[in-house]
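Colleague:
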Amino acid sequence: MRKRNWSKEELTIAYYIAKWDLSGIDVTMEELALVVIGNTTVVSLNMQVKHFRRLLNLEENTLFAQSKLMQELIEEYRDYTMTQIRKMVISKV
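Quick note on numbering: our numbering labels position 18 of the sequence shown as 157, and the sequence is numbered without any gaps.
(1) Starting from residue 159, follow the alpha helix (DSSP H) in both directions and report where the run begins and ends.
(2) Have a look at residue 194 and residue 210 and give me their C-alpha separation to the nearest angstrom.
(3) Exposed or buried, which one is residue 199 when buried takes at least 16 other CB atoms within 10 Å?
(4) Would you check if the distance between the CB atom of residue 225 and the CB atom of residue 163 is smaller than 8 Å?
(5) With respect to the alpha helix (DSSP H) encompassing residue 194, which residues constitute its N-terminal and C-terminal limits?
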């Protein structure tokens, strides 16, 4: 099976969930994975969230995959507020 490349917008959703769960977003993980992102699964979305949680030192886990784009997003969003990131996510929903 070929590895799926996640876009910046898709990873922004995973980043938001990693930091703030689904707070303030009126959508389920299933809807995010299957409708908003598409071409992925809830399991895959959850793995991206876990990668971000580990990279952000929010959770310890054994998943060590990360992309350059994930690192770039963490750096870019470092000073963003929850509201600013939520607006980006909601614009995709």
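Backbone N, C-alpha and C define an ideal beta-carbon position, used for all residues, glycine too.
Modeller: Concretely, from the data shown:
(1) Segment 147-159, the alpha helix (DSSP H) holding residue 159.
(2) If you take the alpha carbons of residue 194 and residue 210, they lie about 8 Å apart.
(3) Burial call: exposed.
(4) At a Cβ-Cβ threshold of 8 Å, residue 225 and residue 163 count as neighbours.
(5) Residue 194 -> alpha helix (DSSP H) spans 181-194.
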